[in-house]
Amino acid sequence: MTKLSVNINKIATLRNARGGNVPDLLQVAKDIERFGGQGITIHPRPDERHIRYQDARDLKSIVTTEFNIEGNPERKFIDLVLEVKPTQVTLVPDADDAITSNAGWNTIKHQDYLKEIIQEFQRNGIRTSIFVDPVLEMIEGAKKTGTERIELYTEAFAHEYSLGNRTGINPYIESAKLANELDLGINAGHDLSLDNIQFFQQNIPGLLEVSIGHALISESLYLGLENVVNMYLNKLK
Ligand SMILES: CC(=O)[C@@H](O)[C@H](O)COP(=O)(O)O
Ligand SMILES: NCC(=O)COP(=O)(O)O
Numbered sequence: 004m005t006k007l008s009v010n011i012n013k014i015a016t017l018r019n020a021r022g023g024n025v026p027d028l029l030q031v032a033k034d035i036e037r038f039g040g041q042g043i044t045i046h047p048r049p050d051e052r053h054i055r056y057q058d059a060r061d062l063k064s065i066v067t068t069e070f071n072i073e074g075n076p077e078r079k080f081i082d083l084v085l086e087v088k089p090t091q092v093t094l095v096p097d098a099d100d101a102i103t104s105n106a107g108w109n110t111i112k113h114q115d116y117l118k119e120i121i122q123e124f125q126r127n128g129i130r131t132s133i134f135v136d137p138v139l140e141m142i143e144g145a146k147k148t149g150t151e152r153i154e155l156y157t158e159a160f161a162h163e164y165s166l167g168n169r170t171g172i173n174p175y176i177e178s179a180k181l182a183n184e185l186d187l188g189i190n191a192g193h194d195l196s197l198d199n200i201q202f203f204q205q206n207i208p209g210l211l212e213v214s215i216g217h218a219l220i221s222e223s224l225y226l227g228l229e230n231v232v233n234m235y236l237n238k239l240k
């Protein structure tokens, strides 16, 4: 079975646009779990433009499923994760000014660095995952860091799929096979959506978890819009 972890960054983006507490991030997290979501993912960024560090602390007592915190392991991020102690931390090599995540780790070049940080999280009982492109050398390098899981960066697959190209899945299949051989757990995320998720899941052996945010929240707006417009029209009769 593949678990669905819902990334709620976009809920925080909407909330922050007005400065109040609408939508209520904590209530949304509770509702996602009530609707069957099997995890909550957040990706606080250094500028706190969506998820704030305080949100991570507040969510700790709210989330009853799997809590996954993603981010670049700068000292401030490491300290936050050690304080909150989520189920899983996913390390992502983002530049501070990145619009969104745009690359996986070079697990060969940064092997010692990753190894050290991963040990620190594991000593504190936090499962680790590292964000990687579907490149065999990077999967082998990931294994050597000591991480329990990898998160396959699926932007390239999603892009190819949107163009009608189904062969974009191939590097992910090969990477997943190798990860399975190496006993690395497999997560995946970025630009997964209602359009592409079934094809991806059916082709990737041993896919444990997907984290989905941007498309899922956009789809929730599209699919809820008719209902809400009609509710307003009823009020205005
Ligand atoms: C690692 C990854 O792919 C996601 O966490 C994504 O980066 C979400 O972050 P944003 O919501 O800031 O785009
Ligand atoms: N790890 C990926 C994630 O949390 C969500 O990415 P996206 O669906 O917002 O592209």
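Position one of the sequence shown corresponds to residue 4 (the working numbering), numbered consecutively onward.
Glycine included, C-beta positions come from ideal geometry on N, C-alpha and C.
Does the beta-carbon of residue i have 16 or more other beta-carbons within 10 angstroms, so that it is buried, or is it exposed?
{"i": "His53", "result": "buried"}
{"i": "Phe38", "result": "exposed"}
{"i": "Gly216", "result": "buried"}
{"i": "Val87", "result": "buried"}
{"i": "Thr131", "result": "buried"}
{"i": "Ser165", "result": "exposed"}
{"i": "Tyr235", "result": "exposed"}
{"i": "Asp97", "result": "buried"}
{"i": "Ile11", "result": "buried"}
{"i": "Arg169", "result": "exposed"}
{"i": "Pro208", "result": "exposed"}
{"i": "Arg21", "result": "exposed"}
{"i": "Arg18", "result": "buried"}
{"i": "His193", "result": "buried"}
{"i": "Asn230", "result": "exposed"}
{"i": "Val232", "result": "exposed"}
{"i": "Arg126", "result": "exposed"}
{"i": "Leu7", "result": "buried"}
Among all the DSSP beta bridges, which residues are the ones paired with residue i?
{"i": "Ala191", "result": "Leu155 and Val213"}
{"i": "Glu2", "result": "For residue 2 there is no data in the structure shown, the boundaries of the chain being 4 and 240."}
{"i": "Ser8", "result": "Gly42 and Ser214"}
{"i": "Gln30", "result": "Beta-bridge pairing links Gln30 to no other residue."}
{"i": "Asn71", "result": "Thr44 and Gln91"}
{"i": "Phe134", "result": "Glu154"}
Between residue i and residue j, how many whole angstroms is the CB-CB distance? I'm expecting something under 8 Å.
{"i": "Ile172", "j": "Phe203", "result": "7 Å"}
{"i": "Thr9", "j": "Ile43", "result": "Before going further, note that residue 9 is Val rather than Thr in the sequence given. The pair is a contact, with the Cβ atoms about 6 Å apart (cut-off 8 Å)."}
{"i": "Gly144", "j": "Ile111", "result": "4 Å"}
{"i": "Val135", "j": "Gly107", "result": "4 Å"}
{"i": "Leu155", "j": "Ala101", "result": "Wrong, their Cβ atoms sit about 18 Å apart, outside the cutoff."}
- prompt: Would you say the region 192–200 touches the region 217–237, given that touching needs at least three Cβ pairs under 8 Å?
  reply: In this structure the region 192–200 touches the region 217–237; the number of beta carbon pairs closer than 8 Å is three or more.
- request: Evaluate the contact criterion for the region 114–122 versus the region 56–71: three or more CB pairs, one atom per stretch, below 8 Å.
  value: Because the criterion of three Cβ pairs below 8 Å is not met, the region 114–122 and the region 56–71 do not touch.
message: Taking 5 Å as the limit, name every residue whose beta carbon sits nearer than that to some heavy atom of ligand 2, in sequence order.
response: Result (chain order): Asn10, Thr44, Gly192, His193, Asp194, Ser214, Ile215, Gly216 and His217.
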